[in-house]
Structures are given as structure tokens and as C-alpha cells.
Amino acid sequence: MPSQSSSLPVVKISRRGAKRLQDGHVWVYRSDIVSAHGVAPGTAVGVTDERGKFLGTALYSSASQIAIRMISPQAVNDLHSLLCERIQAAISYRERVVRNSDAYRIIFSEADFLPGLIVDRYNDLVSLQILTQAMDAEPVRQTVVSGLSQRLKPASIAERVDPRIRELEQLPARASGLIQGEKSSTIVSMNGVRFHYEALEGQKTGSFLDQRENYAAAARYTHGEALDVFCYQGGFALHLAQGCSKVTGVDSSRPALEVADRNAALNSREIEWVEANAFDLLRDYADAGRRYDTIVLDPPAFAKSKANLDTALRGYKELNLRALKMLRPGGILVTCCCSYHVSPAQYLEVVGVSARDVHRSLRILEDRGQAKDHPILLNVSETEYLKCVIAFVSNLK
Ligand code: SAH
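The opening position of the sequence shown corresponds to residue 1298 in this note's numbering, with each subsequent residue numbered one higher.
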């Protein structure tokens, strides 16, 4: 059978790998590569099954366990044009689904058919992150940067580097920095709340945009005295301050709390910020008999891999137990989990068991996930990771 991708090197995959693609996934693991003779790291390849049947075009990594990330079921002979089309499609999708915000994710890797590329917009700044050999290749970088630049006309484009990812992909070390323009700080607005943004500081690409819609959803129910645990730069706390009488934000990161405090001033809000280990603080506050009407839990991912799932679930349970103990009847729990390895059903079970243990009953007001600018691609379960449960607390007597 003639190859339909005559200009590209060919990677042959096993029957199991081919089945995975037929099931709609876009990854093939290294263990399912049958041959990849002479394929250079980070290049576009034609993919065939063991009998030579053409399955599509992919980006190849010589280092990652995910050897192949599909980019098209067809033969791609002009990668530059395909990337430009994909960037435009990603921007158009956001025009349809993003409301009330000038900060949102523009490209979410596989979910935008641009595997290995993350791009966020923060008002007039763009921040990008490159996760694979193929996206790091110089011609691809140029296409991405010029595509974003032409369509969004940002003041600057910054690159945020995760050194661990570059190491895993066997890419040379590289520093974070501006790759276009000179402006590195701005002010963004989401749901009418304003935030300072520094392109070269902070965690992730600087903010947790995936919670944007959950901030607004939570603010519809929250009231009274509120505690925002793992508050970072105050995303939830500042939204809660619209309807709550008193808000306290807790985080272990002093730099994050310093920005949180500037954000409060920017919105003319009074919020108390506490630098502490959340586990210790929740235990101390619960022992001291403190009570709240609203508690938000938004910890970092505890389950980084399947191997530590049990430990992670215990961590989530402990947090939920302590929060539920402190919530007054009629109170609101907003409880989040960003570990991909914990499924939505598993997380609901953790929250439910915690409630039973402390004799509370919960009514689910909203069972939510990541904001729509972080699309979940059906059949690619790895694109779905954030859980955000908003629940009404009653006493079980
Ligand atoms: N709710 C935030 C995002 C939270 S990200 C928002 O919407 O923007 C997780 C946060 O947990 C980070 O800010 C990190 O500094 C903090 N953190 C991690 N471990 C912690 C701990 N043991 N105690 C308190 N904060 C912690």
C-alpha cells in the first residue's frame, strides 16, 4: 500500500497502539512503537500500523514515554499552514466561549490539536509554555510566535520554562523570559474583579485561569465569614469579598500573598491574609472552635502519579474533614481537586465520606470542572483534570 505521507519519515506502531488511535486517543506510548528508523527528535512523522496502513500524522519525541502525539488523521505536508490554522481555530473558539474576562487560555495542548503547546492571554500580554521536542523546534517556535503576534497583537510574549519538562524531553536548558516586546506586567480583569499580572513571576503561567468560571459560580452562593484555603493570589477570596462579610485567605507562599494583598487594594477590598501551612492552620482553627459560613479548598495536585493516589486521597479527605467540621449549618463548601489521577466520582466519594464522618449532610449545588477555555476533549481523558464541587452544608441529627 503506498504511503499517503510521502514527504515524512514513517513510524510504525503496534496493533495495541493502532487500537488506541482508533478509540479516539492521540497518544502512542514508546512501548507501542515497532520502528522509527532514522526519525529525528521532534519531527513530524507519518504513522502506520504493522501492515503499513496509514493512520495519520504525528509529532515524534525521542525522549518522552509518549513517543507520538497525533496532529491529524491525514497526511500533513505543510506543517506551518496546519499550525497557523490551528492557532486561528483556538482563538476563534475562545471568542465563542469566554465571557467577562481578558485573561484566559488560548491554546490547551491536545485539546486544541496542538500537543505540547500551552498559551495564555493576560490582557495585552501572552505567555507560552513549550512541553515537547516538536514544539521546541525553531521553525515551529517561529510559526507559533508570529501566528500569536499577528492575530492578538500583544504588547509582549513571554516564555515560561519548566526546567523539569525540558530535561525529560532531553531539550537544552533555557531560561524563562520575554521573547517579544518589553512589557512584563499588566492588570487583568475577570468577572469584574481585577488582578495584577507579572509575566515572569508566580506559579504555572502566573495564574490559575482554569478556576475563572468557578470563582463566579462560588460567589453566587457564598456568604458570611469566609475562609479561602490555598488562596494563592486571592482568586476566590476576591470574588467572595463581593458577598461575604469577612474573608480570610490562607497560603504558604509569601510572594503569592504579597500579590494577593496588592490585588485586594486594587479592588478596594479588606481581606485578611495568613501565611501558614493549611493542614496545621485548619487543625488549629478547628481545635480552637472557629466557625465559618464559607470555606474554599483549592490545594495543589496531591496525586502527581497513580502511585501516590492513596496518600493523595487521604490528604484530600483530611482537608475536607477539617473544613466540614468548621462550617456552620447553612454554610457553603467549595472543594476543588486538580489531580488528573483522581476521577470526579472518586473525589465526590472522598467529600461524601468526609461529610458522613463529621455528621454533616451535603447537597450538591454545582458539580463543576475547569473553565471552558481549558476544553475537555472527549476520548482524551487526560484533558479533564479539575473538580470543583459547591455544596450546601446541613447538620445530620
Ligand atoms: N486558589 C488559587 C490557586 C491555588 S494553587 C487560585 O484560584 O488562584 C495552590 C496553592 O497552594 C499555591 O498558592 C501554593 O502556594 C499553596 N500551597 C501549597 N502547599 C500548601 C500548604 N501546605 N499550605 C498552604 N498553602 C499551600
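The beta carbon of each residue, even a glycine, is placed where N, CA and C say it ideally should be.
Within 10 angstroms of the beta-carbon of residue 1457 lie 16 or more other beta-carbons, which makes it buried. The region 1312-1332 makes contact with the region 1358-1368; the number of CB pairs closer than 8 angstroms reaches 3 or more. Counting along the chain, residue 1523 sits inside the beta strand (DSSP E) bounded by residues 1521-1526. Rounded to whole angstroms, the Cβ separation of residue 1416 and residue 1404 is 4 angstroms, and the two are in contact under 8 angstroms.
For the ligand SAH, no non-hydrogen atom lies closer than 6 angstroms to the CB of residue 1605. By the Cβ neighbour-count rule, residue 1437 is buried, with 16 or more other Cβ atoms within 10 Å of its own. Here DSSP, grouped into helix, strand and coil, assigns residue 1360 to coil.
Residue 1675 and residue 1587 have their C-alpha atoms roughly 43 angstroms apart. Nearest to residue 1373 by C-alpha distance, out of 1611, 1317, 1340, 1387, is 1340.
Judged by beta-carbon spacing, residue 1637 lies within the 7 angstroms limit of residue 1682, meaning their Cβ atoms are closer than that value. When rounded, the separation of the alpha-carbon atoms in residue 1414 and residue 1549 is 29 angstroms. Just so you know, the alpha carbons of residue 1694 and residue 1630 end up roughly 19 angstroms apart. Remark: the shortest separation between the CB of residue 1546 and any heavy atom of the ligand SAH does not fall under 6 angstroms. Annotation for residue 1575 indicates a beta carbon within 6 angstroms of some heavy atom of the ligand SAH. Distances between the C-beta of residue 1532 and the heavy atoms of the ligand SAH include at least one below 6 angstroms. If you draw a straight line from the Cα of residue 1441 to the Cα of residue 1376, it is about 11 angstroms long. Taken in chain order, the complete beta strand (DSSP E) segments of 3 residues or longer contained in the region 1474-1507 are 1474-1477, 1482-1487, 1490-1495.
Under DSSP, residue 1543 shares a beta bridge with 1522. Remark: C-beta atoms of residue 1491 and residue 1564 approach each other more closely than 7 angstroms. Pairing residue 1352 with residue 1527, the inter-Cα distance amounts to about 45 angstroms. Residue 1622 sits in a helix when the DSSP states are folded into three classes. In the displayed model, residue 1681 falls within coil according to three-state DSSP, outside both helix and strand. At a Cβ-Cβ threshold of 7 angstroms, residue 1689 and residue 1645 do not count as neighbours.
With contacts defined by Cβ atoms closer than 7 angstroms, residue 1647 and residue 1614 form a contacting pair.
Membership of residue 1440 in any beta strand (DSSP E) is not indicated; the residue belongs instead to the alpha helix (DSSP H) covering 1435-1449. An exposed status is given to residue 1321, since fewer than 16 other beta-carbon atoms sit within 10 Å of its beta-carbon.
Straight-line spacing of the CA atoms in residue 1411 and residue 1590 works out to 43 angstroms. For residue 1552, the CB stays at least 6 angstroms from every heavy atom of the ligand SAH. The ligand SAH has a heavy atom closer than 6 angstroms to the beta-carbon of residue 1508.
Here residue 1429 carries a coil assignment [DSSP, helix/strand/coil]. Residue 1492 has its CB no nearer than 6 angstroms to any heavy atom of the ligand SAH. With the rule of 3 Cβ pairs closer than 8 angstroms, the region 1559-1578 does not count as touching the region 1497-1517.
Comparing alpha-carbon positions, the option among 1604, 1541, 1499, 1599 lying closest to residue 1552 turns out to be 1499.
With respect to the C-alpha of residue 1485, the residue from 1513, 1575, 1398, 1558 having the closest C-alpha is 1398.
Shown here for residue 1315: same chain residues with a beta carbon closer than 7 angstroms to its own, the five before and five after excluded, namely 1346, 1352 in chain order.
When DSSP reads this structure, residue 1593 sits in a beta bridge with 1525, 1631.
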